[in-house]
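Trainee: Below are the structure tokens for one structure; questions will follow.
There are 2 protein chains.
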Amino acid sequence: MSAAKLFIDHSKEPLLAPATSYKPNLELYEKEWVPKIKAYNEKLSNAIPNEYLAPSTLLPDDLDATPFNAMGIPATVLDEKTLTITELNASEIAQKIAARELTASETILAFIKRATLAHQLTHCAMEILFDYGIKRAKVLDEYQAKTGHTVGPLHGVPLSLKEHYEFEGHVTHAGYVSLLDNVSEKFSLTSQLLYDSGAVFYIRTTEPQSLMHMDSINNITGRGRNPHKTTMSPGGSSSGEGAIIAMKGSPLGLGSDIGGSIRGPAAFNGVWGLKPSSKRISLIGSISAREDTTCEAIQAVLGPLSNSVDDLELFMKSYLAQRPWELDQQLFPLPWKEVPTPRASDLTIGFVYDDGVVKPHPPVIRALKEVEEKLKAAGVHIIKWDPHRVYDAVEIANAAYSSDGNSAVFDRLEKSGEPLAPLSEHYLQIGKGDKGLSSMELQYYTHSREVLRQEYLKLFNKRGVDFLITPTYVGTAPKPSTIKYWGYTSLWNIMDQTCVTFPSGVFGDKSTDFKDESYKARNVYEEHEYGIYDPEASDGLPVGLTLVGRRYTEEAALKAAKVVSDIISV
Amino acid sequence: MSAAKLFIDHSKEPLLAPATSYKPNLELYEKEWVPKIKAYNEKLSNAIPNEYLAPSTLLPDDLDATPFNAMGIPATVLDEKTLTITELNASEIAQKIAARELTASETILAFIKRATLAHQLTHCAMEILFDYGIKRAKVLDEYQAKTGHTVGPLHGVPLSLKEHYEFEGHVTHAGYVSLLDNVSEKFSLTSQLLYDSGAVFYIRTTEPQSLMHMDSINNITGRGRNPHKTTMSPGGSSSGEGAIIAMKGSPLGLGSDIGGSIRGPAAFNGVWGLKPSSKRISLIGSISAREDTTCEAIQAVLGPLSNSVDDLELFMKSYLAQRPWELDQQLFPLPWKEVPTPRASDLTIGFVYDDGVVKPHPPVIRALKEVEEKLKAAGVHIIKWDPHRVYDAVEIANAAYSSDGNSAVFDRLEKSGEPLAPLSEHYLQIGKGDKGLSSMELQYYTHSREVLRQEYLKLFNKRGVDFLITPTYVGTAPKPSTIKYWGYTSLWNIMDQTCVTFPSGVFGDKSTDFKDESYKARNVYEEHEYGIYDPEASDGLPVGLTLVGRRYTEEAALKAAKVVSDIISV
């Protein structure tokens, strides 16, 4: 695959390492934890305002069995005012509230109604906090009425949160059953700063068991659905964020990403997502597997999802205006910088049609081609990007994920004995699986990552490219529990480069996107991922592409993505 | 020592872990490498322009045996023009050359003369490149004459380089005998950017075996001397830089620091040194023990030494103007930022009189008191800084240094079989010594470091302090091969905070700095370090203190250090 191979030749060895040694303890699970799961779901169910649900006559009997496009339901069900408000993006909402054309209370009510539909159709909610949101909006309205000011740039903007950020006084479980008693004492730092900027929290959204699937299944709330086709996956791990933003049940959401967990859901649900470089958004108070060790070889980042590029910028600008680096030593003191919008002819963009590991499915290839043609016609300089050691990057990522031999995940799982979701089983086998890394392997992989980053920097310089446009995943939203290769996204976690996922405007089309049944897979990854392509299943599903910028260039990447989006929307 | 202890209770256990397993191979060493060492030294010796040496009548017979203050020699020996030029600091030199009041050629010649004295007296040179410097200066003068411009902000400024940075076409050995054949193909990236800014290279300076002593002994050029008292150590590992800057044989030098290697030599020789936070100055092409693994738990930084705070700023400004982050992916894109000079009354400074591990020697305590009094009188707000978990930070640092079980150092040493310097033997035993860290220990220590950094950030916020003034080491320059505790400096490598070492204006004085023979050591470190205090040996030696700023605040820290220096110089 590459001259500079690292350790394992995946083209010859099986896709998966030896099976994981995790053994569920179903007796313990049924006895002690299933009741807690039931109670959790009852609470969730009781928080749903039934008066806002779509009538069952509009829906198929079984949304999990019938491929149903739920995207049109809100327009059918909602009153005009609610629809008008919820069609606004976050930037427009912030402006209108600041200009007193809209109140925070009207706004949150509209989004509560639409979020109710979103949850009914996609199971995007982990916890519903509508009363909390209504109270908060009222306080904000009163503040504005009294002082004439907003509390900050997000004053009154409804903001959905992936569940694994600590939320004052509420359980934070990160998709682990064993954490169902884990009540947070305060907000995660990032949540707190968003709150301080005026954001209104009202819903916490789903994530898969272990937070490490490009899918949505957990043992607490089950599986999520893709609103474009309810039998398909919304992706993951920011599963609920992808679905709720697509349904416009939320204008702005906070996700996290260590291998593609913002970008996958953004792409699969046809919305925008930003995976920033590390050290700009605080991780303090984000619950995951491990809390007493730190593996620096790969690092999670938080970032926003939304329905427009402007909202991603609003998020970053509002957040960084709070100078989070004065509160979190990990962060780099890099205030948001205003950069000019480039002209199309200022941009040189490399196009990635194949990463050398897994060839994209036909809808993705077609989306790339259409976008490339439009950009070229608008004067953007286009080059073909030859992939560089992607397999090695994937191997570094996989090895880093399980550098502790999965002991942290095991600790979380064993406490409840919960069964493994199929993709957890996969996740626990990638890299060196339960074996983990020795100290020297960890340091060697870290070094390999540094070398690879430097090679990529040199390639960007040498090829004169500031941005790439790449598949986010090889296909559209997948069937549940199928994706095993995330190399198109995890590459950029290893590189720590800025990624903006955007809707290409292209949808899967079974009448043109034929499967090449004669294609000969180059390796076991490709055998699997190309094998799961199903034109019928992908039909009608959005293709999300990703614009990749250099490291720490969120400002420039968002501006470039806006130019691209404006061109392809014409 | 601290409630939140990590692994080892050093107050109960011996100072050192089990002895190192390294065994010199003297047969190999004598046969294959001693001839190479001889050839290296002959070349060094031949490059010394004998006409510039001080007459032996001015010097004691044996500078290593007789405590001799060499600082006055240049004024006695040098012609007036040479003396005038070499008394200028780098900023003045750059200005005068840009204004055509001075040529690069005149300047380098003057510093060559004075550097010759510095080397004669302190053994500060690892490699003399005077002809190279003369040629380079001539080219710069011609360029300026022809174009009317300078090539950059360091045009014509002589700049000394610690040896371990790659130097095109020259051997780079990093103090390891086994690297005596290692000819560099190009400059280290930082050297190249300094060169591009107009710096004139003319000398490469000494470092100890392994680069990990607060001292100067290596098997290639032997031991260096402190110019204030030739029997004493110049410190390390930027040993030669400390000595040559003090002698004004160089106006500006480049050192490196992973535990105190810029700050120690700066303090012991009475000059200025900046240890920036990580990721501002490129490490590419800095040779050390390991080249195929990366331990992120502790990271080296490069930084300047000079005779004035202005020169440290000139260095940073000139260097960052070259946008090194576009060439080295590790670097943060943080251009130099102009910040205002604070008034004395704007500053709140915490004073560290004791780190809770090793009590400073009397000259250091006296220096702190004198500086504190002067600052207080000038209106600076002073608080006493209670030490926080310093022992734990030292343990993390020590564990991280040898996370690979010293295998990289062993590789370097075993190739030549060279004998261990006494402080290498010490170094190979700190942390977990040859045992190294398991993967989980490494990740646990990394996490502990993150926790500690966050605690420090909170303490700075809570105590309302922007800067600390702290001992750089517990005493003045030590006798050779004695320092075993670097906690006053390595703490800030673990914290990754900005440090500016500056001359306090105070010198050891045996008539007042009595040793408290009844002092009861709190732990084995203190027993050792307090035990080696010798008022007679410290008499007349400068005390260098360190101003500590927050992370990534080199700009503000240098401005604050300038205010402090102006106040204490009155």
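Heads up: the protein sequence lines correspond to chains D and X, in order.
So that you can map any letter, position 44 of the first sequence is 44 in this note's numbering, and since no number is skipped, the others follow by simple counting.
Quick note: to get this note's numbering, add 1000 to the position in the second sequence (first position is 1).
Positions of the beta carbon are idealized from the N, C-alpha and C atoms, including for glycine.
Just so it is clear, the structure is predicted and the values come from calculations on it, not from any experiment.
1. Once you ignore the five residues that flank X:I1568 on each side, which residues in its own chain have a CB closer than 6 Å to its CB?
2. Can you list the residues of chain X that D:T293 reaches, using a CB-CB cut of under 8 Å?
3. So that I know if they touch, is there some Cβ in chain X lying closer than 8 Å to that of D:S403?
4. Candidates D:A54, D:V394, D:H155 and D:G264: which alpha carbon is nearest D:M214's?
5. May I ask you to list, following chain order, the residues of the segment 1417-1437 of chain X that have a beta carbon less than 9 Å from some beta carbon of chain D?
6. On a CA-only basis, which of X:M1247, X:F1068 and X:T1501 is nearest X:A1075? Give me that one, please.
7. Can you give, in chain order, each stretch of the beta strand (DSSP E) that sits fully within the segment 1346-1384 of chain X and has at least 3 residues?
8. Could you give the residue range of the alpha helix (DSSP H) that holds D:E414?
9. Quick one: is X:T1122 buried, meaning 16 or more other Cβ sit within 10 Å of its Cβ, or exposed?
10. Is the distance from the Cβ of X:L1180 to the Cβ of X:H1173 below 8 Å?
11. Classify D:P35: buried if its beta carbon has 16 or more other beta carbons within 10 angstroms, exposed otherwise.
12. To the nearest whole angstrom, what separates the beta carbons of D:S439 and X:S1403, a pair I think is in contact under 8 Å?
13. With DSSP as the reference, identify every bridge partner of X:T1205, one or two as the case may be.
14. What separation, rounded to the nearest whole angstrom, lies between the Cα atoms of D:Y319 and D:T116?
15. Could you check whether the Cβ of D:F332 sits closer than 8 Å to any Cβ belonging to chain X?
16. What are the boundary residues of the beta strand (DSSP E) that D:S565 is part of?
17. Looking only at its own chain, which residues have a Cβ that is under 6 Å from the Cβ of D:D539, when we skip the five neighbours before and after it?
18. Keeping to the same chain, check which residues put their C-beta closer than 6 Å to that of D:Y485; ignore five residues upstream and five downstream.
19. X:Q1329 touches chain D at which residues, Cβ-Cβ below 7 Å?
20. Chain X partners of D:E395, CB-CB under 7 Å?
21. Could you check where the alpha helix (DSSP H) with D:L44 kicks off and where it finishes?
22. Ignore the nearest five residues each way along the sequence and tell me which others in X:H1155's own chain have a CB closer than 8 Å to its CB.
23. Kindly indicate which three-state DSSP category X:P1503 falls into: helix, strand or coil?
24. Expressed to the nearest angstrom, what Euclidean distance is found between the alpha-carbon atoms of D:N50 and D:L161?
25. Determine the direct distance from the alpha carbon of X:V1543 to that of X:A1477, and round the result to whole angstroms.
26. Report the residues of the segment 283-315 of chain D with a CB closer than 9 Å to any CB of chain X, ordered along the chain.
27. Quick check on D:H228: buried or exposed, where buried means 16 or more other Cβ atoms within 10 Å of its Cβ?
28. Can you give me the start and stop residues for the beta strand (DSSP E) that X:S1256 sits inside?
29. Find the residues of chain X that neighbour D:E450, judging by a C-beta separation of less than 8 Å, and give them in chain order.
30. What span of residues does the alpha helix (DSSP H) with D:V394 cover, start to end?
31. Thinking C-beta only, is D:N226 closer than 8 Å to D:F268?
32. Express the C-alpha separation of X:I1532 and X:I1244 in angstroms, rounding to a whole number.
33. Locate the beta strand (DSSP E) running through D:T470, then write down its first and last residues.
34. Under DSSP, the beta strand (DSSP E) around X:T1546 begins and ends at which residues?
35. Note down, one range per segment and in chain order, each beta strand (DSSP E) of at least 3 residues found wholly within the segment 1066-1099 of chain X.
36. Going by the DSSP bridge assignment, what does X:V1171 pair with across the sheet?
Mentor: Reading off the structure:
1. As a position in the second sequence, residue 1568 of chain X is number 568, starting the count at 1. Cβ within range, chain order: V1371, K1374 and G1505.
2. The sequence position of residue 293 of chain D within the first sequence is 293, counting from 1. Correct list: M1440, Q1443, Y1444, T1446 and H1447.
3. If you number the first sequence from 1, residue 403 of chain D lands on position 403. At a cut-off of 8 Å between beta-carbon atoms, D:S403 makes contact with chain X.
4. Along the first sequence, read from residue 1 onward, the residue named residue 214 of chain D stands at position 214. Answer by Cα proximity: D:G264.
5. So the list reads G1436 and L1437, given in the order they occur along the chain.
6. On the second sequence, residue 1075 of chain X is found 75 positions in, with the first residue counted as 1. The residue with the shortest Cα to Cα distance from X:A1075 is X:M1247.
7. 1348-1351 and 1381-1384
8. As a first step, residue 414 of chain D is located in the first sequence; it is residue number 414 there, counting from the start. Segment S407 to S416, the alpha helix (DSSP H) holding D:E414.
9. What you label residue 1122 of chain X is simply residue 122 of the second sequence in a count that begins at 1. The residue is buried, with at least 16 neighbouring Cβ atoms inside 10 Å.
10. Taking the first residue of the second sequence as 1, we reach residue 1180 of chain X at position 180. Taking the first residue of the second sequence as 1, we reach residue 1173 of chain X at position 173. Yes, Cβ-Cβ distance for X:L1180 and X:H1173 is below 8 Å.
11. By 1-based counting over the first sequence, the position of residue 35 of chain D is 35. Classification of D:P35: exposed, given that the 10 Å Cβ count is below 16.
12. Within the first sequence, residue 439 of chain D is the residue found at index 439, counting from 1. Within the second sequence, residue 1403 of chain X is the residue found at index 403, counting from 1. The Cβ separation is near 6 Å, so the contact holds.
13. Working through the second sequence from its first residue, we reach residue 1205 of chain X at position 205. X:T1205 is bridged to X:A1125 and X:K1162.
14. Within the first sequence, the letter at position 319 stands for residue 319 of chain D. Within the first sequence, the letter at position 116 stands for residue 116 of chain D. Distance between the alpha carbons of D:Y319 and D:T116: 27 Å.
15. As a working note, residue 332 of chain D is residue 332 in the first sequence. Yes, contact with chain X.
16. To locate residue 565 of chain D, count along the first sequence from 1; it is residue 565. Note, D:S565: premise wrong, no beta strand (DSSP E); alpha helix (DSSP H) at E554 to S569.
17. In the first sequence, residue 539 of chain D corresponds to position 539, counting from 1. Result list for D:D539: G508 and K510, in chain order.
18. Working through the first sequence from its first residue, we reach residue 485 of chain D at position 485. If you ignore the 5 residues before and after D:Y485, its C-beta comes within less than 6 Å of the C-beta of V358, Y525 and E529, all in its own chain and listed in chain order.
19. On the second sequence, position 329 is the one that residue 1329 of chain X refers to. Under the 7 Å cutoff, chain D gives R453, Q454, L457 and R551.
20. Counting from 1 along the first sequence, the entry for residue 395 of chain D is found at position 395. Under the 7 Å cutoff, chain X gives no residues; its nearest Cβ is about 16 Å from D:E395.
21. On the first sequence, residue 44 of chain D is found 44 positions in, with the first residue counted as 1. The continuous alpha helix (DSSP H) containing D:L44 extends over residues V34 to N46.
22. For the purposes of this step, residue 1155 of chain X is taken as residue 155 along the second sequence, with counting starting at 1. Closer than 8 Å at the Cβ level, and outside the excluded window around X:H1155, lie A1094, I1097, A1098, A1104, L1140, Q1144, S1197 and G1198.
23. The residue you call residue 1503 of chain X lines up with position 503 of the second sequence. X:P1503: strand per DSSP, three-state reduction.
24. In the first sequence, residue 50 of chain D corresponds to position 50, counting from 1. In the first sequence, residue 161 of chain D corresponds to position 161, counting from 1. Going from the Cα of D:N50 to the Cα of D:L161 covers about 22 Å.
25. As a working note, residue 1477 of chain X is residue 477 in the second sequence. As a working note, residue 1543 of chain X is residue 543 in the second sequence. Roughly 8 Å between the two C-alpha positions.
26. I284, R290, E291, D292, T293, T294, C295, E296 and A297
27. Residue numbering aside, residue 228 of chain D sits at position 228 when the first sequence is read from its first letter. By the 10 Å Cβ count, D:H228 comes out buried.
28. Translated into positions along the second sequence, residue 1256 of chain X becomes position 256. L1252 to D1257 is the extent of the beta strand (DSSP E) around X:S1256.
29. To locate residue 450 of chain D, count along the first sequence from 1; it is residue 450. Result: T1294, Q1329 and Q1330.
30. Taking the first residue of the first sequence as 1, we reach residue 394 of chain D at position 394. Residues V390 to Y401.
31. For the purposes of this step, residue 268 of chain D is taken as the residue at position 268 of the first sequence. For the purposes of this step, residue 226 of chain D is taken as the residue at position 226 of the first sequence. Taking 8 Å as the Cβ cut-off, D:F268 and D:N226 qualify as a contacting pair.
32. Working through the second sequence from its first residue, we reach residue 1244 of chain X at position 244. Working through the second sequence from its first residue, we reach residue 1532 of chain X at position 532. Each residue's alpha carbon lies about 26 Å from the other.
33. For the purposes of this step, residue 470 of chain D is identified with residue 470 of the first sequence, where counting begins at 1. D:T470: member of the beta strand (DSSP E) spanning F467 to P471, first to last residue.
34. Sequence index remark: in the second sequence, residue 1546 of chain X carries index 546 (1-based). Counting along the chain, the beta strand (DSSP E) containing X:T1546 begins and ends at P1542 to V1548.
35. none
36. One-based indexing of the second sequence puts residue 1171 of chain X at position 171. BP columns for X:V1171 point to X:V1183.
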